[in-house]
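Count along the sequence shown from 1, add 15, and you get the number used in the working numbering. Note that the Cβ used here is the ideal one computed from N, Cα and C, for glycine as well. Only a predicted model underlies this, so the values are computations on that prediction, with no experimental measurement involved.
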Amino acid sequence: MNGNNWRAQAQGGGEGGGAAAGALSSDDWRTQLFPDSRQKIVNKIFETLKRHLPVSGQEGVQDLKKIAVSFEEKIYSAATSQQDYLRKISLKMLTMETESQNPASSGQNALSAGEQ
């Protein structure tokens, strides 16, 4: 999937958007969320991943960026409202923070977008 795909989805198109991209209309919450807002959210997800998952080298950093974009895209597509979108992302980030403080848990499972 193209790393810039979420920008296209925010504008009402793009590959992989499925019903969510095709269903965009003037009353769809996605039309009210600007791409720069989504980029800020992706950056916060990336920073959280960087704090809690070990990476080495530029390749590892690029992998984390791809994970952050992919995770955000999944939540964006699945959310029913902007509030739902922000809630789901916040809960996953909180889960990652909590699991990183509990050594018995695995932080790598924290970003499974389909659990909500």
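Does residue 50 come out as helix, strand or coil in the three-state DSSP assignment? If you number the sequence shown from 1, residue 50 lands on position 35. Note: residue 50 maps to helix in three-state DSSP.
Cα-Cα separation, residue 104 to residue 68:
As a position in the sequence shown, residue 104 is number 89, starting the count at 1. As a position in the sequence shown, residue 68 is number 53, starting the count at 1. Residue 104 and residue 68: Cα-Cα distance of roughly 17 Å.
(Q) For residue 77, tell me which candidate among 58, 108, 112 and 51 has the shortest Cα-Cα distance. (A) One-based indexing of the sequence shown puts residue 77 at position 62. Closest option to residue 77, Cα to Cα, is 58.
### Message
Let me confirm a value: residue 107 is counted as buried when at least 16 other C-beta atoms fall within 10 Å, else exposed. Which label applies?
### Response
As a first step, residue 107 must be located in the sequence shown, where it is residue number 92. Buried: at least 16 other Cβ atoms inside 10 Å.
*Please state whether DSSP places residue 96 in a helix, a strand or coil.*
Here the question's residue 96 lines up with position 81 in the sequence shown. In the three-state scheme derived from DSSP, where H, G and I count as helix and E and B as strand, residue 96 is classed as coil.
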